[in-house]
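*Asks:*
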Amino acid sequence: MPSSSADTDLRPTALVPVTSAGIDRAAARLRAGGLVAFPTETVYGLGADATSDEAVAALYAAKGRPRFNPLIIHVAHLQAALHYGVFNADALKLAHAFWPGPLTLVVPVRGERISLLARAGLDTVALRVPGVDVARALIAAAGVPVAAPSANRSGALSPTSARDVMAELDGRIDMVLDGKPSAIGLESSIVALRGGVAELLRPGAVALEDLRRIVPVHVPAAAAGDVHPSAPGQLKSHYAPRAGLRLHATSLRPGEVGLDFGGVLAGAARDLSPSGNLAEAAAHLFRALRDLDASGAQVIAMAPVPEHGLGLAINDRLARAAAPRDS
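Residue numbers (the working numbering): 92 to 418.
#1: For Val256, which residues from the same chain have a beta carbon less than 7 Å from its beta carbon, with the 5 sequence-adjacent residues on both sides left out?
#2: With DSSP collapsed to three states, give me the class of Glu132.
#3: Which partner residues of Gly138 appear in the DSSP bridge assignment?
#4: Just to confirm, is the Cβ distance from Asp115 to Ala232 under 9 Å?
#5: Decide if Glu132 is buried, meaning its Cβ has at least 16 other Cβ atoms within 10 Å, or exposed.
#6: Look at the alpha carbon of Ser279 and the alpha carbon of Leu343, and state the distance between them as a whole number of angstroms.
#7: Within the chosen definition, does the segment 385 to 401 reach the segment 344 to 354 through at least 3 CB pairs nearer than 8 Å?
#8: State whether the segment 300 to 311 contacts the segment 221 to 229, with contact taken as three or more CB pairs (one from each stretch) at a distance under 8 Å.
#9: Are the C-beta of Ile275 and some C-beta of chain D separated by less than 9 Å?
#10: For Gly335, write down the residues that DSSP places opposite it in a beta bridge.
#11: Once DSSP output is grouped into helix, strand and coil, what is the label at Gly353?
#12: Find the nearest neighbour of Ala360 within the set Val390, Ala148 and Val107, judged by alpha-carbon distance.
#13: Using DSSP with H/G/I as helix, E/B as strand and the rest coil, what is Arg201?
#14: Using the three-state DSSP reduction, which class does Val107 fall into: helix, strand or coil?
#15: Return the CA-CA distance between Leu126 and Ile230, expressed in angstroms with no decimal places.
#16: Name the two residues that bound the continuous beta strand (DSSP E) containing Asp269.
#17: Starting from Arg219 and walking both ways along the beta strand (DSSP E), at which residues does that stretch end?
#18: Quick check on this structure: which residue in Leu292, Ile305 and Ala274 has the alpha carbon closest to the alpha carbon of Asp407?
#19: Is it buried or exposed for His165, if we count other Cβ within 10 angstroms and need 16 for buried?
#20: What residues are listed by DSSP as bridge partners for Asp362?
#21: If you draw a straight line from the C-alpha of Val177 to the C-alpha of Thr142, how long is it?
#22: Among Leu169, Arg204, Leu401 and Leu383, which has the Cα closest to the Cα of Glu371?
#23: Throw me the rounded Cβ distance for the Leu336 and Ala412 pair, which I believe falls under 8 Å.
#24: Tell me whether Arg399 is buried or exposed, calling it buried when 16 or more other Cβ atoms sit within 10 Å of its Cβ.
#25: Taking the alpha carbon of Lys271 as the point to measure from, which residue in Pro130, Gly287 and Arg120 has its own alpha carbon closest?
#26: Give the DSSP-derived three-state secondary structure of Gly176 in the structure shown.
#27: When the Cα atoms are used, what is the spatial distance from Ala211 to Asp144?
#28: Report yes if the CB atom of Leu185 is closer than 9 Å to the CB atom of Val147, and no otherwise.
#29: How big is the Cα-Cα spacing for Ser364 and Trp190?
#30: Can you tell me the Cα-Cα spacing of Ala171 and Asp265, whole angstroms?
#31: Within its chain, find whatever has a CB closer than 7 Å to the CB of Leu150; leave out the 5 residues flanking it on each side and keep chain order.
The structure is reproduced here in structure tokens:
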């Protein structure tokens, strides 16, 4: 439930415009242990003070999130990240290349300030410097690292607008900063730096090819579907619509609604990118799934998406969305 407040005009979930006053108000809620959703370039995040076990517990409760699934900790800049994590040479190279931006680095934790609950009991911490000014301004104003998974119920489609957040969490959180829709619309890539090896734990908005231009990145065979994840976003069943999802569809079956890519699925209701642009498809993915799900369709038929560039991340999300719920 939303935390109590002396702010008398705070509704069960307040929708607050992105202004200097709005950011200050949201920062005050975070410092007080409240839950604040805010825009990033990837998706909207649900923020809590990452140093407070109580605030993190409230975040897990609002999302209905399994507590063994660790959280990404958002900070305002690299120097702040160095206070909470131990960065080797490869981690620093990746941070300098892609921060601020849609890359999360899992590194050994430094000190005990980050909540053990936020780390799911691990001796590592997942850190990111978000790529939009609003998010960094909020974190800087709050003066604390901010644990921020996607601002949705656990396992559901990730939100790319304030409207999406309100549809999922109205009455369960304190505030939503109402900014622009997320430009990328796909979660961050997650790379773990441990034991002298860089491993891609979750494909995302930074393509594997781009990561490998900076440092050698290994893709472990068992990166997805861990029973006890070592990083966020590794649950096998995740990002799921209520409707069934049939992948690699080349034609529609009776009763299905089609989601196309590149104009190959005749009769599809939506096309992620008629021109076959993977960046455009990534930006539209969660919105399209959410809208088709809201149409009442029983099954969404998804056209094939190439397995290169951002297609790797898109197919990862689609595979998790299509996985059986009891897996």
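Glycine included, each C-beta is placed from N, C-alpha and C at the ideal position.
The structure presented is a predicted model; accordingly, all values stated were derived computationally and were not measured.
*Replies:* Quick look at the numbers:
#1: Taken in chain order, the residues that qualify are Ala128, Tyr135, Ala242, Pro250 and Val267.
#2: In this structure, Glu132 counts as coil in the three-state DSSP scheme.
#3: In the DSSP output, where bridge partners are listed per residue, Gly138 has Val127.
#4: Contact: yes.
#5: Counting other Cβ atoms within 10 Å of its Cβ, Glu132 reaches 16 or more and is therefore classed as buried.
#6: Ser279 and Leu343 have their C-alpha atoms spaced approximately 32 Å apart.
#7: Counting Cβ pairs under 8 Å, three or more are found: they touch.
#8: Contact fails: fewer than three Cβ-Cβ distances are below 8 Å.
#9: Given the protein chain composition of this structure (a single chain), no chain D is represented.
#10: In the DSSP output, where bridge partners are listed per residue, Gly335 has Val390.
#11: Coil.
#12: The closest CA to that of Ala360, considering only Val390, Ala148 and Val107, is found on Val390.
#13: Correct three-state label for Arg201: coil.
#14: If DSSP states are grouped into helix, strand and coil, Val107 belongs with the strands.
#15: Distance between the alpha carbons of Leu126 and Ile230: 13 Å.
#16: Counting along the chain, the beta strand (DSSP E) containing Asp269 begins and ends at Met266 to Asp269.
#17: It spans Thr215 to Arg219 - the beta strand (DSSP E) in which Arg219 sits, taken as one unbroken run.
#18: Looking at the Cα atoms, Leu292 is the closest of the given residues.
#19: Classified as buried, His165 has 16 or more neighbouring CB atoms from the shown chains inside 10 Å of its CB.
#20: According to DSSP, which records beta bridges pairwise, Asp362 is partnered with Asp351.
#21: Cα to Cα, Val177 sits roughly 17 Å from Thr142.
#22: Closest by C-alpha distance to Glu371, out of Leu169, Arg204, Leu401 and Leu383, is Leu401.
#23: That belief holds up - the Cβ atoms of Leu336 and Ala412 are roughly 5 Å apart, short of 8 Å.
#24: What sits at residue 399 in the sequence shown is His, not Arg. Exposed, since its Cβ has fewer than 16 Cβ neighbours within 10 Å.
#25: The closest CA to that of Lys271, considering only Pro130, Gly287 and Arg120, is found on Pro130.
#26: Three-state DSSP puts Gly176 in a strand.
#27: When rounded, the distance between both Cα atoms is 11 Å.
#28: No, Cβ-Cβ distance for Leu185 and Val147 is not below 9 Å.
#29: Ser364 and Trp190 have their alpha carbons spaced roughly 27 Å apart.
#30: For Ala171 and Asp265, the distance between alpha carbons rounds to 26 Å.
#31: If you ignore the 5 residues before and after Leu150, its C-beta comes within less than 7 Å of the C-beta of Leu126, Leu137, Ala139 and Ala238, all in its own chain and listed in chain order.
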